[in-house]
Amino acid sequence: MKRLSQKKMIDIVKQLRKSKDLTQEQLSVETGINRQMIGRLEKGEYMPSIPQLEKLAEVLEFDIPDLYVESDPMIYTAFRGSGITKEEKDGIEHMFDMMMASKQQLLLRKVMLHEQG
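For the record, in the sequence shown the residue sitting at position 68 is 173 according to my numbering, with numbers rising by one throughout.
Here it is in C-alpha cells:
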C-alpha cells in the first residue's frame, strides 16, 4: 500500500522552489498559499490541503504520485514465535486495526480543520 510521504513532499517542494529561484514569498504569490504556511510546510509543520497540493504541483511542475512511497508491511516481531492462541492473535489484530482507524480519524480531522481554517 502506498502513502503520501511528508518528507518527500518537503524535499521536492524545497528543491524545486530553489531550483526555480523562487523565494517563499514568490511561491506564495504564485500558489495563493500564505507565505508562513509555505515556511511551515518546508519545516514539516504543515500539511497542505488537496487543492493547495495541486497548485504547488502545477507551479513547481511535479507529479503528485511522485510524493507517494510504498508503506512497510506491518510486522509485529514481538509476537513471533511466542505461543499465543488464535483468539489472542485475533484480539491483537483487532487492537491494531482499532489503533490504525483511530490514527486515520485524527489525520482526517487535522486535514478538515486546515481546510476550514
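Think of the CB as a built atom: it goes at the ideal place given N, C-alpha and C, for glycine as much as any other residue.
Within 10 angstroms of the beta-carbon of Leu165 lie 16 or more other beta-carbons, which makes it buried. Beta-bridge partners assigned by DSSP to Leu109: Tyr173.
Between Glu147 and Gln129, the C-beta gap is smaller than 9 Å, which places the two residues in contact.
Gly149 is not a Cβ neighbour of Gln209, given a cutoff of 9 Å.
Contact between the segment 111-125 and the segment 159-174 is present: 3 or more CB-CB pairs across the two stretches fall below 8 Å.
Scanning its chain for C-beta atoms nearer than 8 Å, with the 5 sequence neighbours on each side dropped, one finds around Ile117 the residues Leu165, Phe167, Asp171, Leu172, in chain order. DSSP places Glu159 in the uninterrupted alpha helix (DSSP H) bounded by 155-165.
In this structure, DSSP gives Lys215 a helical state, which the three-state scheme calls helix.
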